[in-house]
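Chains B and A supply the protein sequences, listed in that same order.
So the first sequence is residues 1 to 114, counted in the numbering used here.
So the second sequence is residues 1 to 118, counted in the numbering used here.
Every residue, glycine too, gets a C-beta built ideally from N, C-alpha and C.
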Amino acid sequence: AQSVAQPEDQVNVAEGNPLTVKCTYSVSGNPYLFWYVQYPNRGLQFLLKYITGDNLVKGSYGFEAEFNKSQTSFHLKKPSALVSDSALYFCAVRAVYNFNKFYFGSGTKLNVKP
Amino acid sequence: GAVVSQHPSRVICKSGTSVKIECRSLDFQATTMFWYRQFPKQSLMLMATSNEGSKATYEQGVEKDKFLINHASLTLSTLTVTSAHPEDSSFYICSARTPTSGGGNEQFFGPGTRLTVL
């Protein structure tokens with residue numbers, strides 16, 4: 001079965017500091033992994049994805065994520081957080097047997113304080 | 001990136017009425033669209049996969065007679081919540097996948113529809 005876990009409900013970081021939002025996955029076969037961000041009362045916006053290749057993936061708004069196969073992790077990172085980064089972040093994995101089916105984590109609320 | 005719109009963004013209705021939510025892909029043709037439901041402070045739950053020209057595929061536990069899906073064209077899918085009840089109140093989000101091949105294509109999400117049933 002495919003699944004993702006986001007162990008932290010909330011992450012607090014000061015503006016200008018680096019941030020990490022954690023995600024671990026469980027999937028049979030090669031994973032297709034995604035990060036999305038959701039602002040209040042809005043749909044999800046795509047940030048980045050890992051399909052194959054370089055383990056460090058760069059995405060929108062200065063975010064990046066590192067794929068670690070041995071630790072089955074795909075943590076989202078940013079070197080310097082902005083207050084405007086405050087939002088809800090979802091990690092997702094695409095089902096191996098169904099290209100259309102995404103499994104989303106429970107979400108992590110990122111709070112960046114000035 | 002591809003743009004997906006939803007209408008209405010917010011709807012309040014009385015218990016027992018039906019509500020239709022539209023999902024449109026604005027700058028691409030979407031043979032497949034998806035309907036999710038999101039409860040407060042929770043993740044997205046896939047309700048059904050909407051295929052243009054054929055019946056929708058519903059996830060286990062989702063009542064197909066309750067949540068009617070019609071994918072009438074390559075740019076429009078509708079979700080009708082029939083005989084809505086307060087427990088149907090939720091945030092409904094649609095998404096679409098671009099029709100290029102391969103499994104690595106991200107889904108593009110609409111802005112969501114907040115349904116409140118009184």
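Neighbour flag for residue i against chain B, beta carbons, 8 angstroms
| i | result |
| --- | --- |
| A/S43 | yes |
| A/T49 | yes |
| A/G110 | yes |
| A/E106 | yes |
Sub-8 angstroms separation of residue i and residue j beta-carbons
| i | j | result |
| --- | --- | --- |
| B/F74 | B/L33 | yes |
| B/F46 | A/F91 | no |
| B/L110 | B/S86 | yes |
| A/T113 | A/P40 | no |
Burial state of residue i (16 or more Cβ within 10 Å)
| i | result |
| --- | --- |
| A/S101 | Its pLDDT being 46, under 50, A/S101 is placed unreliably by the model, and nothing is read from it. |
| B/V93 | buried |
| B/A1 | exposed |
| A/F67 | buried |
| A/R37 | buried |
Contact with chain A by residue i, beta-carbon distance below 8 angstroms
| i | result |
| --- | --- |
| B/K101 | yes |
| B/L44 | yes |
| B/F34 | yes |
| B/K49 | yes |
| B/N12 | no |
For residue j and residue i, the rounded distance between their alpha carbons
| i | j | result |
| --- | --- | --- |
| B/C23 | A/W35 | 24 angstroms |
| A/C13 | A/K20 | 11 angstroms |
| A/V4 | B/E15 | 32 angstroms |
| A/L46 | B/N100 | 10 angstroms |
| B/V13 | B/V57 | 22 angstroms |
| A/A84 | A/G61 | 17 angstroms |
| A/S15 | A/T82 | 10 angstroms |
| B/S3 | B/T72 | 11 angstroms |
| B/Q38 | A/C23 | 18 angstroms |
| A/A96 | A/T75 | 9 angstroms |
DSSP-derived helix/strand/coil call for residue i
| i | result |
| --- | --- |
| B/V83 | helix |
| A/E22 | strand |
| B/S60 | helix |
| A/E87 | helix |
| B/F157 | Summary: the structure shown does not reach residue 157 of chain B, with chain B confined to residues 1 through 114, and so no result is reported for it. |
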